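Numbering (the working numbering), first residue to last: 57 to 287.
Glycine residues also receive a C-beta, built at the ideal position from the N, C-alpha and C atoms.
Computed from a predicted structure; not experimentally measured.
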């Protein structure tokens, strides 16, 4: 009976010691569950520092530069001449009375140039000499020199088709909203005569013959016609 008591006391002491050891182990600082493990922090930091915005910034800048340099700079300020059904309020002559060939030598013509040769009726006109207009664009030389070439050809045409006398010196007149230079001369000098007018600007040149009129009237009408022929 007495030998059984110490065994029971020893067993109880062992259990108490084991419980105490477990309690001390659970309270130790090395098992602090509040600490964040370092391996979880590294991937988050790396993702935040990745330069993902760089491609987005470079793309719009490159596109804007390409668009700006793609614009054709050589086309600025250049115009062309076109066939017009009406010019300065005058109707283009049609039918058998319309001009059927190139009445005036236009000078050198290249593939990128346009030539307009038309005549126009005055209001109510059914017969007689019409207003003849000849114009070219994209002139390779000084357009004023091309105007002089057209003038010479138109004077020869006029003298062979009803005009008489010696041409006067060309005089300047208002060129209208298209600018450039507009000049007219007479065949011959008289209050009412045949008038030859011509314009030239940065890339075009044109001339016209106005039978039986005055220089001022011809110049004003020519400026209006030019606005419909030159675009």
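On a Cα-Cα basis, can you pick out the residue from 134, 196, 168 and 143 that is closest to residue 175? If we check each option's Cα against that of residue 175, 143 comes out closest.
In the DSSP assignment, the alpha helix (DSSP H) including residue 284 goes from what residue to what residue? 271-285
By the three-class DSSP mapping on this structure, what secondary structure does residue 199 have? helix
Taking DSSP as the reference, what is the three-state secondary structure of residue 246? coil
Keeping to the same chain, check which residues put their C-beta closer than 8 Å to that of residue 240; ignore five residues upstream and five downstream. 226, 227, 229, 251, 252, 253, 254, 271, 274, 275 and 278
Helix, strand or coil for residue 164 per DSSP? coil
Indicate the three-state DSSP secondary structure (helix, strand or coil) for residue 83 in the structure shown. Low per-residue confidence applies at residue 83: pLDDT is 42, beneath 50, and the placement is therefore not dependable enough to give any value.
When you compare each of 261, 215 and 259 to residue 242 by their alpha carbons, which one comes out closest? If you compare the alpha carbons of 261, 215 and 259 with that of residue 242, the shortest gap goes to 215.
Assess, as a yes-or-no matter, whether the stretch 203-220 is touched by the stretch 160-176 under the definition of 3 or more beta carbon pairs within less than 8 Å. yes
Can you tell me where the beta strand (DSSP E) holding residue 177 begins and where it ends? 171-177
At the level of alpha carbons, what is the spacing between residue 238 and residue 207? 12 Å
Given 8 Å as the limit, is there contact between the stretch 146-153 and the stretch 195-203, that is, 3 or more CB pairs closer than that? no
Classify residue 141 as buried or exposed, calling it buried when 16 or more other Cβ atoms lie within 10 Å of its own Cβ. exposed
Counterpart residues of residue 239 in DSSP-defined beta bridges: 228 and 254
Which of helix, strand or coil DSSP assigns to residue 234: The answer is coil: DSSP assigns residue 234 none of H, G, I, E or B.
Could you check what DSSP says for residue 151 in three-state terms: helix, strand or coil? helix
Are residue 196 and residue 258 close, meaning C-beta to C-beta below 8 Å? Taking 8 Å as the cut-off, the beta carbon of residue 196 is found no closer than this to the beta carbon of residue 258.
Comparing C-alpha positions only, which one of 266, 286 and 234 sits nearest to residue 185? 266
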